[in-house]
Structure formats: structure tokens, C-alpha cells
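Colleague: Using full-length UniProt numbering, the first residue of the sequence shown is number 1, and each one after it goes up by one. Cβ atoms here follow ideal geometry from the backbone N, Cα and C, with glycine treated the same way.
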Amino acid sequence: MNNNFRLHLTFIMIIFSIFISFVVALLNQNNLKNTLFEAHKLKLEMVEDNILSSLNTIDKAYMLFDKNIAKDMEDKSKVLLGLYQQNPDFRTWDFTSLKKQIGMDIYIINNENVIIHSSYEPDIGLDFRKCCAEFANLLNIRRNEGTFVDDGLDIQQTSGEVKKFSYIPTPDRKYILQLGVSLENGEIFKQFNYFDAEVEIENKFSIIDSIRIFNNDGYVIGRNDQTKEDITFSSDNWEAFKSATKTRKSQEVKGRYNGRDVTYRYVPYAAESARGYSTSRVVEIIYNEDDLHEALSKSRNKFFSQMLIIFTGAIIISMIIARWMARPMYLAFHDSLTGLKNRAAFEEIVKQKLSSKKQNLALMMIDLDNFKLVNDRLGHLEGDQILKMAAYRIQRCVGKSHESTRLGGDEFAVIISGLDENEIIFVASSLIKDIDEQFGEIRFRNQIDISVSIGIAFADSEDDLASLYEKADRALYESKENGKNQFQIFQKTNEAGF
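What follows is the structure, encoded as C-alpha cells:
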């Protein structure tokens, strides 16, 4: 019985310890998970801040230092205007010679916003209405305004080369004369080249697969190895890209890049001091979550390892504590000599069963006859052994489904549930016979007639602990008065006779 109690206590403590440990570990795991997500987010913000800072730096540099270039482009645009006034037939112009003369590429844009002549032949036939509707509208405005305009950093559509462009309409508004000068070999670009920053960031952060910068029409800037034909937007990417340009808010879309799952992030950018059409751009950051998933996987593995250690520790500690606590808790409700439940437990059980009223309840009071002679003649040690043997026989006869208790001294009680009178009579008779056989040798050797007297009382609806106990005690008294070694059942008709 003590072992069963300890097992129950150990089990309860293990469950409680594991639950508390699991909750604490789960909270720590959740905090770690949030920390990993936050670290991943901070890396992306750092990447974004670095590239936008590089863009802003080079734009500021050109705002401060490209005035000479702009003035040179304006002067040479006026030279071309003078040439046009002398000879408006562009078919007769030698654009190759003109490029060598002025040191810049020349483009002739007609009133349909198509490049019809150029010193850079790959751009001939470029229709801005098809590729760049927003820019085509801007060209119409510039044609009507009739003034010289220069843009900031921009790209050559067909090559991706970084250039600066200027525009001036002819007096008859039929054409726009466009000049283009490469910036990639200039000192400013070399000092503030943000494309180098792209490569550096891609190499530094494993979460970054690629960084590309586009103008508002979706043309990549500055990567000569990534021309317009190489950059193909999926429908989802294009929607995210256009949404970023219109709303000026970052957009993200899931996709695939180089055979793995990635996220495309489109970050709108505009120079602090707008300078023409080209200062509004979109940065595409293609990033993966491989490092995050790997960190989360390691975190999960660590969590499971910790839980295994915690569970093992909780079981060991619970067993130690349960073993330490089991004895005093057990003795609080059990008799230390016989192992049966004690009077405190007896009273609690009877009250509980009386209050439930779910089944028949009977109380069997048992008293060892002539036990005082055992202590007087044989000593208390022998008396204790007889009490242990009696307790064992009582428990064996009534079975584990009923509650056997020792109330004190040589007095025992059995709380019986769910048996009718005939069944209880059988139990009582069996117990008397069993005790008689158990102590036959003591009677023969020591001339002490050890037997048991039993009083039985059935609970009714009006009974409480005191009244049921009193009825069983009266029946026990009658057994002793009638000669001992027998049982009596309390009868209401005989109540007045007690």
C-alpha cells in the first residue's frame, strides 16, 4: 500500500514538473524564435539601408558635381540645334562623326517618341510608347515646353550602361535632340559606385541572392551583363514592382531564383533633390530564408534536447522528492503497524460514502477477543505480530474493493459498499473461520483463546458517521455479550434493548 501511494505521488509530481518545465521551455523557445525572426528582419533592414544610402550618396554627388557636364551638354545641344536649322534632313547627318566631334551619343526622337536616328545604332527604332509609357508622356511635356532639360543618373535601355541624358526640342517641335554621356568611367561614379556596394552586400550576407536597381519602367540599371532581355518579370513580380512605383511603399512577393525559394522585395527610392525623370527608382532585393530556417531547425533540435534533459531530471527529482514525502504523507492516513488506513482516513471515507448515497453501505466493526491477555503473557512485540496477522487476514477476506482500517488497539473496521446482507454474512463467517485457523496454535500453546467478534450495521438515509458507528458498535457489543467469536447484525427492532 505504501508503494502504491508513493507511485501515485511520484506520477503526479512527474506530470506537474514536466508541465511546468515544458511551459517554461516553450516560452523560452518562443522568445528565441522571435529573436531569430527579429535578427533576420534587422539584416534585411541593414541591407536596404546600405543600398539606399549608396544610391542617395551618388545622387547627391551628381547634384553637386555634374553641373559642368550639364552645361557642356546644353552647349552641344545648341550646336546640334544650329545644325538642324541649317540641315533638317537627319538622313544626311553623319552621326558617327558627330559623336566623335562632341564626345557624346546623339539620339533623334520623332513626334511619336521613337528614336529614328542615333550614333548608337542598337537604340534605333526604340519606341518609348511601348517600353516606357510614363517616360513617353514626359517627352511630350518636354517637347511642348521647348527648353533644355538634363536628367540625373539613368541607363542605356539596350545595354544597361549608366549614362546621363539631356533633351531639347527642335524649334518646330517635331523632334527632340537627345544626348547621352557615359558616367561609368567618370571619377564620381568610381568614387560612389553603388553597384560595387550591391556586390559587397551580396557577398557579405548569405541571405541575399541578388540586388538590382531598376528605373520606373522596369529596366535594370548598371549591370551590363543583365540586359533588358535577361530580366523577365513574372506577373506577380510585375504587379509588386508597379505597386511599389505607384504607392511608394515596399512590396514583397514569393518566387523562385536559381532553383530555390526566395522573396522578392521591391523598395521604391527617390533622390532627396529630384533631378529629372531618372532619380525615381526601385531597388529589387532578392533574399532567402535559408539561414533563418537553419537557425530555427537548430533551435528546435536544441529545444528537444533540452526537453529530454528536463524530462529526465524532472523524473529523477520527482522520484526523490516523492520518496522523501511519501512516508509522512502515507502515515497521516495509515496505521504504521499494520499498513491499514487509520481512524482519520476511516472517518473521511465513511463521510464521503454517506454523502454520495450511490450504493449500499455497511460498516463492519471487528474486535480481537482476549487480546489483552496476549500483551500481558507474551509481551507487546508478540501482540504487534498478532495485530499484523489479523490485519492481513481481514484485508484478504474482505478484498481490495472494500476499505479495511485499524481504529486503534485491537479494534478494526471495514467499510463495505455494494454487498447485500447474505454476501456480508458470508464475508463475516469467512473472517471468523480464517482468524480461528490462524491463531489455533497460539490457543493451544499459550492457552489464550484469540478470536474475533464482529458487529455489522447497514447505513440508512438518516445515518451520519456517528450514528452508523454507534449501530455497528452496538452490534459488536452484542457479539461479545453472546460469547464472542461470532457476528451480529444491528436490527432496529432490537435497538431499545441495547
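#1: I believe I450 touches R443 by the beta-carbon criterion, under 8 angstroms. Please report the beta-carbon distance rounded to the nearest angstrom.
#2: Where do the N-terminal and C-terminal ends of the alpha helix (DSSP H) with L126 fall, by residue?
#3: What residue range is occupied by the uninterrupted beta strand (DSSP E) comprising F165?
#4: Could you tell me the distance, in whole angstroms, from the CA atom of L30 to the CA atom of L42?
#5: Quick check: the Cα distance between T57 and D49, rounded to an integer number of angstroms?
#6: Rounded to a whole number of angstroms, what is the C-alpha to C-alpha distance between N140 and D123?
#7: Shortest alpha-carbon distance to L387 belongs to which of S280, H402, G408 and V398?
#8: Give the C-beta separation of S77 and S166 to the nearest angstrom, bearing in mind that I take them to be a contact with Cβ-Cβ under 8 angstroms.
#9: Taking 8 angstroms as the threshold, find out whether the segment 130-146 comes into contact with the segment 89-102 through three or more Cβ pairs.
#10: For F490 and A475, I'd like the C-alpha separation in whole angstroms.
#11: Would the beta-carbon of N237 fall within 8 angstroms of that of R281?
#12: Would you list the residues sitting across from residue 500 in a DSSP beta bridge?
#13: If you run the structure through DSSP and keep just helix, strand and coil, what is H402?
#14: Would you mind stating whether V350 and I415 have Cβ atoms separated by less than 8 angstroms?
#15: Give me, in chain order, the residues of the same chain whose beta-carbon lies closer than 6 angstroms to that of Y120; leave out the 5 immediate sequence neighbours on both sides.
#16: My understanding is that R173 touches R143, with C-beta atoms under 8 angstroms, so please give their C-beta distance in whole angstroms.
#17: The beta strand (DSSP E) with V283 in it runs from where to where?
#18: Determine the closest residue to S54 out of M389, E198 and V427, with distance taken between C-alpha atoms.
#19: Would you tell me roughly how many angstroms separate the C-alpha atoms of residue 519 and H8, rounded to the nearest one?
#20: S318: buried (16+ other C-beta within 10 angstroms of its C-beta) or exposed?
#21: Going by DSSP, which residues form a beta bridge with E252?
#22: Check for me: the alpha helix (DSSP H) holding S356 runs from which residue to which?
#23: Just tell me which of K254, C131 and S461 has its CA closest to the CA of K353.
#24: Pull up the distance between the alpha-carbon of T147 and that of L83, whole angstroms please.
#25: Taking contact to mean 3 or more Cβ pairs, one atom from each stretch, closer than 8 angstroms, check whether the segment 393-412 and the segment 358-371 are in contact.
#26: Between L431 and R393, how many whole angstroms is the CB-CB distance? I'm expecting something under 8 angstroms.
#27: Considering R173, what are the terminal residues of the alpha helix (DSSP H) in which it resides?
#28: Quick check on this structure: which residue in R248, V181, R265 and D473 has the alpha carbon closest to the alpha carbon of V47?
#29: Let me check understanding here. Comparing Cα to Cα, which of I309, L361 and G255 lies closest to E284?
#30: According to DSSP, simplified to helix, strand and coil, what is E202?
#31: Could you pull the start and end residues of the alpha helix (DSSP H) that D410 belongs to?
#32: Compute the Euclidean distance between the alpha carbons of L36 and D209, then round it to the nearest angstrom.
#33: How big is the Cα-Cα spacing for S243 and C131?
#34: Roughly how many whole angstroms lie between the Cα atoms of residue 578 and V79?
#35: Which word fits H293, buried or exposed, when buried means at least 16 other C-beta atoms lie within 10 angstroms of its C-beta?
#36: Counting only the same chain and skipping the five closest in sequence on each side, list residues whose C-beta sits under 8 angstroms from that of D291.
Modeller: Concretely, from the data shown:
#1: 6 angstroms
#2: Looking at the DSSP string, L126 is not in any alpha helix (DSSP H), and its letter there is neither H nor E.
#3: V162 to P169
#4: Checking the sequence, you will find Asn at residue 30 rather than Leu. Cα to Cα, the separation comes out at about 18 angstroms.
#5: 12 angstroms
#6: 19 angstroms
#7: G408
#8: 6 angstroms
#9: no
#10: 5 angstroms
#11: no
#12: Given a span of 1 to 498 for the chain in the structure shown, any question on residue 500 remains unanswerable.
#13: coil
#14: yes
#15: D105
#16: 5 angstroms
#17: S280 to Y287
#18: E198
#19: A query on residue 519 cannot be resolved here, the shown segment of the chain reaching from 1 to 498 and no further.
#20: buried
#21: R265
#22: R343 to S356
#23: S461
#24: 17 angstroms
#25: yes
#26: 7 angstroms
#27: Note, R173: premise wrong, no alpha helix (DSSP H); not H, not E.
#28: R265
#29: G255
#30: helix
#31: Neither: D410 is in no alpha helix (DSSP H) and is coded neither H nor E.
#32: 20 angstroms
#33: 18 angstroms
#34: Nothing about residue 578 can be read from this structure; the chain reaches only from 1 to 498.
#35: exposed
#36: H40, S206 and I207
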